[in-house]
Amino acid sequence: SDPEQKKKLDNLFAMRHRFLETDTKSLLQSICDHVELRLGRSKWSFNKQIAYSATALSVRDHMIELWNDTNKYFHERNPKRLYYLSIEFLIGRLLRSNMLSLAIEADYTKALSQIGLHLEEIAEEELDMALGNGGLGRLAACFLDSMATLRLPAWGYGLRYQYGMFKQRVSKEGDQVELPDYWLENGCPWEIKRLDVRYTVRFYGHVREEKHTRTEIRMKKGKILRRRGVNRGELLPYTDGQSFNENDWQLLEMEVPEEVEIEAAPTEYFWENTEDIYACAFDVPIAGYHTLNVINLRLWQSMPKTEFDFNSFNRGSYDDAMRAKQAAETITQVLYPNDSFEAGKELRLKQQYFFVSASLQDIMRRFRNTGMPIQDLPKQCIMQCNDTHPVLAIPELMRILLDDEHLTFDEAWEITQKCFAYTNHTVLPEALEKWSVDLLGRVVPRHLQIIYQINWLFMESIRDQFPDDLADLSIIEETPVKAIRMANLAIVTSIKVNGVAALHTQLLKTTIFRKFFKVFPKKFLNVTNGVTQRRWLLECNTPLGQLYSSKVGTKWATAYKVLRQIEPHIDDAFITQFWDTRRIAKERLAALIKKETGITLNNVDEMLFDVQVKRIHEYKRQSLNILRAIAEYLNLRTLTPAQIAKKCKKMIFFAGKAAPGYYMAKKTIKLINCVASVVNNDETIGDALKIVFLPNYNVSSAQVIIPAADIHEQISTAGYEASGTSCMKFCMNGGIIIGTWDGANIEILEEIGAEQTYMFGLKTEQIDEGRKQRFANGYKMDSRLEEALLAIEGGLFGPKHEFMPFVDAIRHSDNYVVANDFPLYMAAHEQVEKDWLEKNAHGVREKWGRRAILSSIRMDKFSSDRSIIDYSEKIWKIKPCMVPAPIDAP
Ligand code: CBF
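Numbering (UniProt numbering), first residue to last: 62 to 951.
Have a look at this one:
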């Protein structure tokens, strides 16, 4: 009704360009504008890097308004929200995935080609956002993609490390060399620095208690001495040693007055003398696929509260002046390159607290803006802890409710217990986080008090029912050093605790969290991991995706199940087309291998690509794979050229990083490289076997490797891999799994059918017995394994001393039962070779092709969309909040 207001709105509405033009001219205009106006270069001469940045900024323009509108819409509708707290997000590249989500890839490809640029080439300029180590961080990235696509009212919170996962190089001698990964070298066009969103985060200091009491006189039962027989005698308090005649005095019990201190108000706690820094927000919009919902990933970076210490500066002591600034910036400087827990590292603890403190302040600010009473917090938000790294959020929320909101402990605890859920990602005991009481008490003293109090309440609540289990259930570990068990804190508090694959959840219930399962049987549940088919099929394997879409349309991008409709179309022609797509993928990988290692692969159609990519870890058993490779090589050396010619040609491909401090993992990399160098240079075996270690495995190289794999190795010792997610990506792309009875492999087999797999090895329940047998008298090691070990010891692959730790581990401890599984593994590979060589009358690998396609199209259970729907329904209790299409008038 207010004409002024109406005019303002009309003017603003005219400025809306929710759907920016995507015709070639407009896109070129936008790219050139970014080159000149944002990046300050000339549109007449700019390099590929600038072309990438300008294109990315132009794509971002298409997202920003949707992203703002999504936040506004969530704000107006005020649905219950999910906050995904993860200290790692392994995003990878965003250019193509954002274009695909916004359905503008073809338009940009066309526009760029008009100025002589190829989208594929400029996309290569994007540096991976490698803010994670491996499975856990990549899972978080897939989950964000699904949350946005499913239009869930969700946000991610994480850290903006300036240095991501280290870059891996391989030295001439075959060793892993680590280099810093400064992924921000050219700036990151996707993020939006939010100067308006920053919070103070406090560390160290001490807690001052302020008791609020008043004094009252109360009558209480007391003992007094009174002279016997005297009605109104002198009343004297009894004191030891006082001499009196016992016959004259008697000790009487009666009411006496006493001064008592009464709590007038709850004790207040003041966390004081802290060292304060700022957490500044950097937002990364995450586009849902073909929807108007664009959600947010908010990453925190640490910054000093004051640029420098002015006093020191004035004194001319510039180093001192800058010290505090540098210390503040250090917190989010670098990602810890270890996928298990870095024990005892103060900086790591500070990272964790910094992360949750900033996130919770942000979440609470948003909640307070709703005007809802604090008791309604659980109705409005749920926080998912991706492993225990964010679990300090629990005492932090308690602290806020107690110290800022002034609730009683019981009230605060009641609310907090409804706000968190916890995902466990490993049963490896060494990876379960513990913080020494000393360290935690120093860095966040108030939180230590709160944790103690939570533990006291918990212990009291179970003391009668579980008297024998108290020590194991306690959040506080007493020996060898007093420490806080973060998983225990998470379980005690959370509404739900989930494992990430059926076997893993079962193991949680029966092994590491067995006692908790007795106390809280209803808390535990399984949510099997998943991966987004949009990145891991549609984007990374365009030819295969197009082949599928040609049969069943494109709906599978958001409803994987649709791919099952392909089954009736699998005839010879379709299988041939499938192999055509595979050839493209293999040639792409061969080109990458050539570029990075100099190794040439010929006739890739005929060569079996046998791939193992993941972090290098003893339990993942790259050891088993390389020993098998050696055994196959030794066998080849015994064959005549004619026999070799008939053999299956294969490339055994490895990629993965070892934690810099993990000695055995680094030895394994070296062994792989040294074996590769001998095998690849042995002319007597020709092309029969090639071994490749591709350095610097990351999300973008995974997108080239995975579509090219004929077979993929998922061969962890049974019971050790919580889930594994690369197995899902490979199967989606038609890679055939060779795997153990571990993690998600078991469920994959159930979905795609045993005929599509090569499973082998001891099962979880057989591992202990296997270990015993392995070292029992009379145990005979498989002769091929013995020969492989002898070859290493004999120096065939380099100086013996280099590899003795590796050999000794297999010979003398073999914790990961390599020897037990070796013959079964060899047998599985013999079958693989046989099957690979089988072709139909037209020279087509028909059976293999059919199995590969079936593997791929039956993977709907492993779409992260399914995982996120499970989380939403079973844990978060949140519903989609779909941003509506724009209306025509304000
Ligand atoms: O659940 C995601 C992945 O997490 C890990 O990488 C981890 O960091 N604990 C596990 O090792 C994987 O098995 C799991 O798939």
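Quick reminder that beta carbons are idealized off the backbone N, C-alpha and C, glycines included.
None of the values given here were measured: they were computed from a predicted structure.
C-beta contact flag for residue i and residue j at 8 angstroms
i, j, result
"E324", "T276", "no"
"Q892", "Y819", "yes"
"A779", "K824", "yes"
"C792", "M920", "yes"
"G591", "R927", "yes"
"K718", "Q394", "no"
"L192", "G219", "yes"
"R263", "D370", "no"
"A209", "N72", "no"
"F574", "V553", "no"
"V905", "D633", "yes"
"L850", "I871", "yes"
"T801", "I767", "no"
Alpha-carbon to alpha-carbon, residue j and residue i
i, j, result
"T261", "D875", "50 angstroms"
"L100", "Q441", "41 angstroms"
"N430", "I176", "48 angstroms"
"K655", "S684", "25 angstroms"
"E782", "D236", "26 angstroms"
"K411", "E403", "13 angstroms"
"L662", "I645", "14 angstroms"
"S87", "H95", "12 angstroms"
"L296", "T328", "At L296 the pLDDT is 49, less than 50, meaning the model places this residue with poor confidence; the figure from the coordinates comes in the next sentence. Cα-Cα distance, rounded: 38 angstroms."
"Y932", "V588", "7 angstroms"
"V417", "P629", "51 angstroms"
"residue 47", "P490", "Past the edges of the chain, shown from 62 to 951, lies residue 47, and the structure says nothing about it."
"V740", "E899", "26 angstroms"
"I461", "H508", "11 angstroms"
"V452", "Q510", "15 angstroms"
Neighbourhood of residue i by C-beta, 7 angstroms cutoff - its chain only, sequence neighbours within 5 removed
i, result
"A737", "I752, V753 and F754"
"residue 952", "Residue 952 lies beyond the stretch modelled for the chain, which goes from 62 to 951, so this question has no answer here."
"C480", "L438, P439, C442, I443, M444 and L458"
"P318", "I278 and M280"
"F428", "L438, Q441 and C442"
"A749", "L697, I705, K708 and K710"
"E270", "T328 and Y330"
"N734", "V231, G235 and F754"
"G606", "L598 and L599"
Contact belief for residue i with residue j at Cβ below 8 angstroms, rounded distance in angstroms
i, j, result
"R142", "I713", "Not really, about 47 angstroms apart at Cβ, beyond 8 angstroms."
"L650", "V760", "No, L650 and V760 are not in contact; Cβ-Cβ is about 15 angstroms, not under 8 angstroms."
"R676", "D400", "6 angstroms"
"V561", "H486", "6 angstroms"
"A770", "V672", "4 angstroms"
"E239", "N194", "That pair is no contact at about 13 angstroms."
"L688", "V879", "7 angstroms"
"R911", "I631", "6 angstroms"
"I435", "E466", "5 angstroms"
"I512", "L550", "6 angstroms"
"P241", "Y224", "5 angstroms"
Sequence-distant residues of its chain with Cβ nearer than 6 angstroms to residue i (five each side left out)
i, result
"E907", "I636 and N901"
"G217", "Y145, L205 and L358"
"S158", "R596 and E600"
Buried or exposed by the 16-neighbour rule on C-beta atoms within 10 Å, applied to residue i
i, result
"S378", "exposed"
"N559", "buried"
"K616", "exposed"
"D869", "exposed"
"W517", "exposed"
"Y299", "Because Y299 carries a pLDDT of 49, less than 50, the predicted location of this residue cannot be relied on, and no value is offered for it."
"T469", "exposed"
"N372", "exposed"
"L313", "exposed"
"G785", "buried"
Beta-carbon proximity list for residue i, same chain, < 8 angstroms, skipping 5 on both sides
i, result
"R835", "D875, V878, A880 and N881"
"residue 10", "Since the first residue of the chain shown is 62 and the last is 951, residue 10 is not available in this structure."
"I398", "It is Pro, not Ile, that sits at residue 398 in the sequence shown. Answer for P398: N194, M226, F227, E239, K718, A720 and P721, listed in chain order."
"M789", "N590, G591, V592, W597, A805, I809, M920 and F923"
"I914", "I627, I631, F635, I636, F639 and G795"
"Y134", "C942, V944 and P945"
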